[in-house]
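Using the numbering used here, count along the sequence shown one by one with no gaps and you end on 295. Think of the CB as a built atom: it goes at the ideal place given N, C-alpha and C, for glycine as much as any other residue. Before any comments, here is the structure.
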Amino acid sequence: MPLWVYADIGFDTGRQVWILQFHDAKGDGAGMLAGRSIAVKDGTSFQYAWADNGQLPNGERNPRDFFHVRQRVLAEHVLKVTLNDGAIEVEGIRGMEATSEPPFPLPEGVVALQFAYSLASSKGKVELLDENGKVVQVLADRWVITENLTMHTVGTYPQIRLRAEAKDVLGLVVTATTCTIVGRKQG
């Protein structure tokens, strides 16, 4: 595979597989892995937008708000990428650890959070889930960033998300425009 600078985590709606699309410094394709799932360990990533924003697989404009996963990782933050039994695994290089608690700890009773992005507006949403899988809070219309977060893909198309378990989340940094999900220090 040619030298890559960044890779995009997404979902191929036509083939119904998760993809990790690699890009070189010019933004040209530098390879791709496809799998039934993607897991990211200690990942630092951020949301990105794409050209087919708001379109259905047949090219028609989507009449309702539709969500999709689209997260970007930089090569400098990745230790290795592997494909094991159809599952893509991305192992991140931990960045600077938080020196204090983030301003927003997860509320009592939240066992996981998951996130996706609107194809109509390009804005992200973070859903906080209770033990029954019920959404108890939504942080909507924000760019989503992860720092040192372990997460994995969940759901079936079109209800697909990236998910982080509460035990792996130190807390959130929430502003009017962003939601940064800070991973708990491992070990």
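Residue nearest to residue i in terms of C-alpha spacing, selected from the options
i, options, result
"GLN245", "PRO215, TYR265 and ALA272", "PRO215"
"HIS260", "LYS231, ARG123, GLN179 and THR121", "GLN179"
"GLN267", "TRP251, GLU235, ALA142 and THR258", "GLU235"
"VAL281", "LYS275, ALA224 and ARG250", "ARG250"
"PHE154", "VAL181, VAL290 and LEU237", "VAL181"
"LEU257", "GLY118, ALA115, HIS131 and ASP150", "ASP150"
"ALA248", "THR152, ASN240, THR285 and ASP116", "THR285"
"LYS231", "PRO211, THR254 and TYR156", "TYR156"
"LEU278", "GLY263, THR264, ILE117 and VAL219", "VAL219"
"VAL290", "ASP238, GLY194, VAL243 and PHE212", "PHE212"
"TRP112", "PHE119, ASP120, LYS134 and ARG292", "LYS134"
Residues that residue i bridges to, as DSSP identifies them
i, result
"ASP120", "VAL125"
"ASN192", "ALA195"
"ILE146", "ILE196"
"MET204", "None, per the DSSP bridge assignment."
"GLY232", "TYR225 and ARG250"
Element boundaries [beta strand (DSSP E), containing residue i]
i, result
"LEU278", "277 to 282"
"THR285", "Run containing THR285: none; DSSP gives neither H nor E here."
"TYR225", "220 to 226"
"LEU214", "Looking at the DSSP string, LEU214 is not in any beta strand (DSSP E), and its letter there is neither H nor E."
In chain order, what are the residue ranges of uninterrupted beta strand (DSSP E) at least 3 long that sit wholly in the stretch 242 to 266? For the stretch 242 to 266, whole beta strand (DSSP E) runs of length 3 or above, ordered along the chain, are 243 to 262.
Would you check if there are 3 or more beta carbon pairs closer than 8 Å linking the stretch 270 to 278 to the stretch 216 to 225? yes
How do the stretch 116 to 127 and the stretch 138 to 145 stand: do at least 3 beta-carbon pairs fall below 8 Å, yes or no? yes
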